[in-house]
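For the working numbering, count along the sequence shown from 1 and bump the result up by 384. C-beta atoms are modelled at their ideal positions from N, C-alpha and C, and glycine is treated no differently. Comments concern the structure below.
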Amino acid sequence: MQEAADYVFVVTGHQGEPKSVLARMIFHDYFKFKREDIVIFSCTIIPGEENIRNREAMEAELRHKKVEDI
């Protein structure tokens, strides 16, 4: 069995929508992030208070998990 380090996941949810795949991976432990993991946001935040708050919460949780976000 291969380890997760052997994979690249392309998922939805860069705005931090609570039911998005990325939010579930981050907040609900659908994926066990490790210190050397990297999350790449290939977009900008759509203007709006809720989107900004959601994205900030995701980035803070990634930092808490010691995951690099780009």
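Three-way DSSP call (helix, strand, coil) for residue i in this model
i    : result
V423 : strand
Where the alpha helix (DSSP H) through residue i begins and ends
i    : result
F411 : 405-411
E434 : 433-448
Status (buried if at least 16 other CB within 10 Å, exposed otherwise) for residue i
i    : result
H398 : buried
R437 : exposed
G432 : exposed
C-alpha gap between residue i and residue j, whole angstroms
i    : j    : result
V405 : V395 : 6 Å
L446 : I410 : 7 Å
I429 : D421 : 22 Å
P402 : R408 : 7 Å
F417 : Y391 : 12 Å
Y414 : G400 : 15 Å
R419 : N435 : 26 Å
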